[in-house]
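The block underneath contains the structure these notes are about, expressed in structure tokens.
Protein chains: 2
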Amino acid sequence: MTIKTPDWVKNAVFYQIFPDRFAIGSQTPKGHWQASSLEGWDATPTLQGYKGGNLWGVIEKLDYLKDLGITAIYFTPIFQSASNHRYHTHDYYQIDPMLGGNVAFQALIEAAHQKDIKVILDGVFNHASRGFFFFNDILENGPYSPWLDWFKIHGWPLSAYDGSKPANYEGWLDNRALPVFNHDNEQAREYIMQVGEYWIHQGIDGWRLDVPEEIKTPGFWQEFRTRIKAINPEAYIVGEIWFDASEWLDGTQFDGVMNYMFAVPTIAFVAGDRFRRECSQFHYHPYPGISAEEYASKIKNLLHLYPWEIQLTQLNLLDSHDTARLITSLGGDQKSVELATILLFTFPGAPSIFYGDEVGLIGAKDPDSRRGFPRQEKWDLEVLNYHRKLISLRNQYPALRTGNYQILSAEDSVYVFARSLEQETIIVAINTDSDAQRVNFSTSGLQSTPSHLLYGDAQISWQSVEEQNYLELTIPPQSGLIIG
Amino acid sequence: MTIKTPDWVKNAVFYQIFPDRFAIGSQTPKGHWQASSLEGWDATPTLQGYKGGNLWGVIEKLDYLKDLGITAIYFTPIFQSASNHRYHTHDYYQIDPMLGGNVAFQALIEAAHQKDIKVILDGVFNHASRGFFFFNDILENGPYSPWLDWFKIHGWPLSAYDGSKPANYEGWLDNRALPVFNHDNEQAREYIMQVGEYWIHQGIDGWRLDVPEEIKTPGFWQEFRTRIKAINPEAYIVGEIWFDASEWLDGTQFDGVMNYMFAVPTIAFVAGDRFRRECSQFHYHPYPGISAEEYASKIKNLLHLYPWEIQLTQLNLLDSHDTARLITSLGGDQKSVELATILLFTFPGAPSIFYGDEVGLIGAKDPDSRRGFPRQEKWDLEVLNYHRKLISLRNQYPALRTGNYQILSAEDSVYVFARSLEQETIIVAINTDSDAQRVNFSTSGLQSTPSHLLYGDAQISWQSVEEQNYLELTIPPQSGLIIG
Chain R
1 MTIKTPDWVK
11 NAVFYQIFPD
21 RFAIGSQTPK
31 GHWQASSLEG
41 WDATPTLQGY
51 KGGNLWGVIE
61 KLDYLKDLGI
71 TAIYFTPIFQ
81 SASNHRYHTH
91 DYYQIDPMLG
101 GNVAFQALIE
111 AAHQKDIKVI
121 LDGVFNHASR
131 GFFFFNDILE
141 NGPYSPWLDW
151 FKIHGWPLSA
161 YDGSKPANYE
171 GWLDNRALPV
181 FNHDNEQARE
191 YIMQVGEYWI
201 HQGIDGWRLD
211 VPEEIKTPGF
221 WQEFRTRIKA
231 INPEAYIVGE
241 IWFDASEWLD
251 GTQFDGVMNY
261 MFAVPTIAFV
271 AGDRFRRECS
281 QFHYHPYPGI
291 SAEEYASKIK
301 NLLHLYPWEI
311 QLTQLNLLDS
321 HDTARLITSL
331 GGDQKSVELA
341 TILLFTFPGA
351 PSIFYGDEVG
361 LIGAKDPDSR
371 RGFPRQEKWD
381 LEVLNYHRKL
391 ISLRNQYPAL
401 RTGNYQILSA
411 EDSVYVFARS
421 LEQETIIVAI
431 NTDSDAQRVN
441 FSTSGLQSTP
451 SHLLYGDAQI
461 SWQSVEEQNY
471 LELTIPPQSG
481 LIIG
Chain Y
1 MTIKTPDWVK
11 NAVFYQIFPD
21 RFAIGSQTPK
31 GHWQASSLEG
41 WDATPTLQGY
51 KGGNLWGVIE
61 KLDYLKDLGI
71 TAIYFTPIFQ
81 SASNHRYHTH
91 DYYQIDPMLG
101 GNVAFQALIE
111 AAHQKDIKVI
121 LDGVFNHASR
131 GFFFFNDILE
141 NGPYSPWLDW
151 FKIHGWPLSA
161 YDGSKPANYE
171 GWLDNRALPV
181 FNHDNEQARE
191 YIMQVGEYWI
201 HQGIDGWRLD
211 VPEEIKTPGF
221 WQEFRTRIKA
231 INPEAYIVGE
241 IWFDASEWLD
251 GTQFDGVMNY
261 MFAVPTIAFV
271 AGDRFRRECS
281 QFHYHPYPGI
291 SAEEYASKIK
301 NLLHLYPWEI
311 QLTQLNLLDS
321 HDTARLITSL
331 GGDQKSVELA
341 TILLFTFPGA
351 PSIFYGDEVG
361 LIGAKDPDSR
371 RGFPRQEKWD
381 LEVLNYHRKL
391 ISLRNQYPAL
401 RTGNYQILSA
411 EDSVYVFARS
421 LEQETIIVAI
431 NTDSDAQRVN
441 FSTSGLQSTP
451 SHLLYGDAQI
461 SWQSVEEQNY
471 LELTIPPQSG
481 LIIG
């Protein structure tokens, strides 16, 4: 089987938006329901408070994103949901009214596409919510409900809101707020398939799938892919799998996964032991620190784990709404964050920025990682500038996007690799040590000897001995280079 | 102010459909969710069981309704709702999936309109349900909800499903399943107004308003009327008010109400003391029996209560989903039911048949009054035939629809009145006694002396004495006449 993934993703720079926290539109049309009370935009986020971000606000920010070099947005859920993160879907066919409803969404899709920005949505298909119609009917009618088979009911009565009694139905992670679909029921399965199709018809460019490994019904994701790609062969399907996703990345299911397997060793390498263990999460525990050799080994393994066509459409990231922000996890160590970001933007697969990371927004684990996007006066312009620079380089040099990946040197604190595409070769070097480091290595296999410093500060020296090229680099403390 | 009500209603014959119980489509398109379990169609209805009627089934029955002479359908609620009667609205913008969803509804509207059958929907705007999004958000987020002002919250925590603790919010009739909107909140009010407008735009011909007297916000129904009539001046707005509705029938709010004030004396007159008191309900208590004189007095009062333009667009009925079926309330006394039905079809205002009454369907109070519409082999053809005949007469003679109403005689068990329009005069006579009765009275004011027996069996004799016409009728026991 020939594996085929969307070309646009290979060249994309994603921006992950948590819609309640990114932007509030300066104007909202009639019929946009005004919340009677909202949490302050700059107040510390709470588990249940809403801050009132909406899609009208995102539309107003598209120029900012375009200017930053963003080519695609991944929205955490935007369907009608009685939770600020909207992972508790109430209605899969409605955009949340606080976000502006379906009207705002259509305006957003049009505006984004006009600017050549793609949009993918978060599909939460493992579980719904207590208010979701078909489950709500079971709550209301008990054994009389005609939709019993849509969920996993174990007995009567159900106790949806009173934790002192048995729930009597399956909730995801035993959370009563998240009744789990019975995917073995043909009706529920078909319902989800149709939701998937509907929004592709409405113009979205792909789906990010929430906890897809929880759905174990044979053929479920294969059918999903087939039906989605039948409508738009270039639709992107990316799963939230934090670990080895070989099972799902065989070309018949997802185009990629959220690449936490890239994030973890990358952070462990650049940050050493700076990562605060209380910021770890699920499979995201980048400690203890690792050497360049260990990093090289992990990256090699990762790049061998899935087919190259899939590698190019992985969704690479350093943090997300599900983790603490990296700057906070690293105790404010800005240099390490910058090094990780260099590695992010030079890795095969689409880099994804968690909204606000590019202006230095901080935040510990959920809900703190979901703060309101800061006002301009609060931006860290140095952080913004290196993001601009890295995005710009990635967008400028095809080799950084789809070029092959060759490790040139990995010793102690210094890691060097090349990305090569046709005549273009880009060399990336990272020194995580607090002292400057000099490294010298042969570059066999490289067709050229790039020596133009695109990013960072270094001494670059090429030597040729017996038809073998050697590159000597002197890299300042905790810094990274891109040479092209 | 000139009061204006829809002309089509003055000439309409309504048929009230309880959608879960009328008909199941023989075919349903893909995407119609098949219930995993349903109550048997002919089984005694339970409070919570669904029988699975749908709008595809109604479409297949339109020819039957057309043939019967029906010109308008009043649907009890069809919006998405986790209850078989669907008065617990979950989503005001979706037709219930079991009914076929919005797709089936659009097909129904088109098919009905092609047959010149109007469609009005039941608008339940006093309260919503626990699953309704804006209330569900309050259940999910408590004081953090941005929609608190949409409902009437009294304290925390809410207890929506556990009756042993205070609900802490207002439910209609203290029913926790029915959270009452805060109509004083501009947002909630606007939301309801937009729902009203939306479905008029979708092609419905009017609204039946559930418990509208409960909404006491000044100007609410005036605004509703203004906005609905702005879209379709001929839209019908009929309130569910069981008692003196003068307050709402001033021409600025409703075109009419469900005319239980007609039903009650009519039943008390035709049935004498046969009405079973356990079948009474709210303001619907047609006992003790009354004489023709008392009936005449009550009808006169009723006809003086509201302007004539309103009288012509009242929604007249004998029973409904909210009462026992008349045949059952009267212990199976078919003759009395027929007499009441004659009075129904000869009264000013639009008569409304509760589905199944026309084929003799029985049923005690809710939920028993909501049985599955019987298979043809179970129909009482005698009942069906007199319905056909009465509907046909009403549709044939404009005087029965919009003619003035003049009581000619009311003594003991015999009640006689005339409906006159221009040159057309129709005389209706009812004898409730178990013996035949002879009556003789002057018909001053009548411009003609009709003597053709359109309905019933009688001896008719006109006499003229000193330029005064006298009509003598001999009416068989418990029977009615229509003379034209």
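Residue numbers (the UniProt record's numbering), protein chains in the order written: chain R, 1 to 484; chain Y, 1 to 484. Every residue, glycine too, gets a C-beta built ideally from N, C-alpha and C. As the structure is a prediction and not an experimental result, all values here were calculated from the model.
Taking the alpha helix (DSSP H) that residue i falls in, what are its first and last residues?
| i | result |
| --- | --- |
| residue 345(Y) | 334–345 |
| residue 140(Y) | 133–141 |
| residue 226(R) | 220–231 |
| residue 404(R) | First-last for residue 404(R): 404–411, but that is the beta strand (DSSP E), not the alpha helix (DSSP H). |
| residue 453(Y) | Residue 453(Y) -> not in any alpha helix (DSSP H); beta strand (DSSP E) instead, spanning 453–455. |
| residue 10(Y) | 7–10 |
| residue 382(R) | 381–396 |
| residue 420(R) | From DSSP, residue 420(R) is part of no alpha helix (DSSP H) but of the beta strand (DSSP E) over 414–421. |
| residue 329(R) | 326–329 |
| residue 105(R) | 101–114 |
| residue 308(R) | 308–311 |
Distance, Cα to Cα, residue i vs residue j?
| i | j | result |
| --- | --- | --- |
| residue 25(Y) | residue 40(Y) | 15 Å |
| residue 119(Y) | residue 350(Y) | 14 Å |
| residue 10(Y) | residue 400(Y) | 10 Å |
| residue 241(R) | residue 444(R) | 36 Å |
| residue 476(Y) | residue 436(Y) | 4 Å |
| residue 408(Y) | residue 423(Y) | 18 Å |
| residue 176(R) | residue 131(Y) | 15 Å |
| residue 148(R) | residue 108(Y) | 28 Å |
| residue 303(Y) | residue 311(Y) | 7 Å |
| residue 507(Y) | residue 68(Y) | For chain Y, the structure presents residues 1 to 484; residue 507(Y) sits outside this window and is missing. |
| residue 230(Y) | residue 70(Y) | 27 Å |
| residue 6(R) | residue 255(R) | 8 Å |
| residue 442(Y) | residue 296(Y) | 16 Å |
| residue 252(R) | residue 258(Y) | 60 Å |
| residue 450(R) | residue 482(R) | 10 Å |
| residue 554(Y) | residue 317(Y) | The first residue shown for chain Y is 1 and the last is 484, placing residue 554(Y) beyond what the model contains. |
| residue 384(R) | residue 62(R) | 16 Å |
| residue 124(R) | residue 86(R) | 9 Å |
By the DSSP assignment, the beta strand (DSSP E) with residue i in it spans what residues?
| i | result |
| --- | --- |
| residue 200(Y) | Run containing residue 200(Y): none in the beta strand (DSSP E); it sits in the alpha helix (DSSP H), 186–201. |
| residue 437(R) | 437–442 |
| residue 349(R) | No beta strand (DSSP E) holds residue 349(R); DSSP gives it neither H nor E. |
| residue 463(R) | 459–465 |
| residue 236(Y) | 236–239 |
| residue 152(Y) | No beta strand (DSSP E) contains residue 152(Y), which DSSP labels as neither H nor E. |
| residue 35(Y) | Element bounds for residue 35(Y): n/a, residue is neither H nor E. |
| residue 484(Y) | That residue, residue 484(Y), is in no beta strand (DSSP E); it is neither H nor E in DSSP. |
Touching by the beta-carbon criterion (3+ pairs, under 8 Å), the stretch 211–228 of chain R and the stretch 274–292 of chain R: no
Cβ contact check for the stretch 266–273 of chain R and the stretch 23–37 of chain R: 3 or more pairs under 8 Å: no
Contact list for the stretch 13–45 of chain Y against chain R, Cβ threshold 7 Å: Across the stretch 13–45 of chain Y, CB contacts with chain R closer than 7 Å involve 31, 33, 34, 35, 36, 37, 38, in sequence order along the chain.
Contact residues within the stretch 81–94 of chain Y, judged by C-beta distance below 9 Å to chain R: Answer set for the stretch 81–94 of chain Y: 81, 82, 83, 84, 88, 90, 91, 93, 94.
Members of the stretch 126–140 of chain R near chain Y, C-beta cut-off 9 Å: 129, 130, 131, 132, 133, 134, 135, 136, 137, 138, 139, 140
Residues, ordered as in the chain, of the stretch 261–282 of chain R that lie near chain Y by beta-carbon distance below 9 Å: none
The stretch 376–389 of chain R touching the stretch 332–350 of chain R, judged by at least three CB pairs closer than 8 Å: yes
Sufficient close CB pairs (3 or more, under 8 Å) joining the stretch 285–297 of chain R to the stretch 229–243 of chain R: no
Members of the stretch 152–168 of chain R that neighbour chain Y once the beta carbon cut-off is set at 7 Å: Within the stretch 152–168 of chain R, those residues whose Cβ lies closer than 7 Å to any Cβ of chain Y are, in chain order, 160, 161, 162.
Whole alpha helix (DSSP H) elements within the stretch 39–98 of chain Y, 4-residue minimum: Runs of alpha helix (DSSP H) with 4 or more residues, each lying fully within the stretch 39–98 of chain Y, are found at 55–68, listed in chain order.
Contained alpha helix (DSSP H) runs [length at least 4] in the stretch 241–302 of chain R, N- to C-terminal order: 260–271
Stretch-stretch touch, CB-based, cutoff 8 Å, three pairs: the stretch 148–168 of chain Y with the stretch 161–180 of chain R: Touching, yes, given that three or more Cβ pairs across the two stretches are closer than 8 Å.
Chain Y contacts made by the stretch 175–187 of chain R, where a contact means CB separation under 8 Å: 177, 185, 187
Cβ pair count under 8 Å reaching 3, the stretch 180–187 of chain R against the stretch 185–197 of chain Y: At 8 Å Cβ cutoff, the stretches do not touch.
Cβ-based contacts, 9 Å cut-off: residues of the stretch 190–206 of chain Y near chain R: 190, 191, 194
Cβ pair count under 8 Å reaching 3, the stretch 359–372 of chain R against the stretch 43–53 of chain R: yes
Cβ contact check for the stretch 88–101 of chain Y and the stretch 410–418 of chain Y: 3 or more pairs under 8 Å: no
Residues, ordered as in the chain, of the stretch 47–74 of chain R that lie near chain Y by beta-carbon distance below 9 Å: Residues 47, 48, 49, 50, 52.
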